[in-house]
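Residues 139 to 403 (the numbering used here) are what the sequence shown spells out, left to right.
C-beta atoms are modelled at their ideal positions from N, C-alpha and C, and glycine is treated no differently.
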Amino acid sequence: MGLLISGIVESLVALILGIFLLVGEPSLNPLWGYGLIVVGVITGLLTLAFGRQGHHTVEQQVTPEETTDADATTPAVEKPQRSLPAYRTDENTGLVPVTRHLPQRIDVLREEVSRARWRYKAKEIQSRAAEMAELVLQGSDGTESVDERPRQLRRLLELFILSQGYEAWANGTEPEFHVDRYRRVLSAADIRERLEDLRAEADMLWQEISRGVPPKAPEEDAYRQTIDIRIRLERITAAEERLEEIEILRLGYQSLLESEKEEGE
139 MGLLISGIVE
149 SLVALILGIF
159 LLVGEPSLNP
169 LWGYGLIVVG
179 VITGLLTLAF
189 GRQGHHTVEQ
199 QVTPEETTDA
209 DATTPAVEKP
219 QRSLPAYRTD
229 ENTGLVPVTR
239 HLPQRIDVLR
249 EEVSRARWRY
259 KAKEIQSRAA
269 EMAELVLQGS
279 DGTESVDERP
289 RQLRRLLELF
299 ILSQGYEAWA
309 NGTEPEFHVD
319 RYRRVLSAAD
329 IRERLEDLRA
339 EADMLWQEIS
349 RGVPPKAPEE
359 DAYRQTIDIR
369 IRLERITAAE
379 ERLEEIEILR
389 LGYQSLLESE
399 KEEGE
């Protein structure tokens, strides 16, 4: 439509200039005036011809009936839907379909996140265990105190228990602890005492978690309250992670007790 209007305007301008040169400027060569008039007429005719043809072509291509049929038969371009994945990757079987029930799919994603975190913690603890093992080897020459070496061995034992436990959880299996070389570090009485300490620590952590987030006080500053809630959530998260460690240590020490019983029998 814009091209049609511009073409008509150009033809009118050419006609007006041609008539002006013929009438108002008789001293000039009349061929200039006649030439502009001819150019204006040709431009106008071509503009009208192509403009009508283009408009007729558009009407033929898009009619109300065809538009309605196209909307009814041709599927519209679907927008990408952002949703939870329909499959998850398994190391052994490849792609495994995830249930379409939303709460269960969320649980699956949480499990995947937990496994990734456990795998990361297992590697981190393994590196810490390697550093502790170097300290134990360096202290085997007698430079360490009498009380320091047993403490390092107990710490090394717990690091091995934690690394094996987290690795098993990351793989979705029950932990199996292979710490026979450190079995003589603690006696059965020491192991039971350590289990009692872990149980008491777990009770304290559960009490800390059960407190929840502090309620909102209307007279308290909003920024201060946000900081308090953030600190509270960080403490709850740290308590949950420590409870995971306590559970793995409990399983590891119980396996040591069972090994002691089997040897005693």
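When the options are compared against residue i, the one with the closest alpha-carbon
i    : options                : result
L275 : L183, L291, V251       : L291
A306 : T375, R368, A377, S252 : S252
A326 : E398, V176, E358       : E398
P309 : P353, E269, E250, Y320 : The sequence given here places Asn at residue 309; Pro does not occur at that position. Nearest C-alpha to N309: E250.
M270 : R289, I175, V177       : R289
G350 : R337, D366, P356       : D366
Q264 : I244, A254, E296       : E296
E378 : M342, Y361, Y391       : M342
K261 : E272, L273, L300       : L300
E334 : T185, E385, K259       : E385
E396 : L371, R321, E286       : R321
E272 : R287, A254, R337       : R287
Y258 : Q302, P353, P356       : Q302
R337 : A254, E383, I244, I369 : E383
S348 : R370, I180, R362, E357 : R370
Test item: CB-CB of residue i and residue j under 8 Å
i    : j    : result
P313 : L381 : no
L247 : A267 : no
L323 : F298 : Going by the sequence as given, residue 323 is Val instead of Leu. No.
Y304 : W344 : no
L394 : I329 : yes
E346 : R373 : yes
R319 : Y391 : no
Below-8 Å beta-carbon distance, residue i vs any chain B residue
i    : result
S348 : Within the model displayed, chain B is absent; a lone protein chain is all it includes.
Which runs of the alpha helix (DSSP H), 4 residues or longer, sit entirely within the segment 250 to 305?
none
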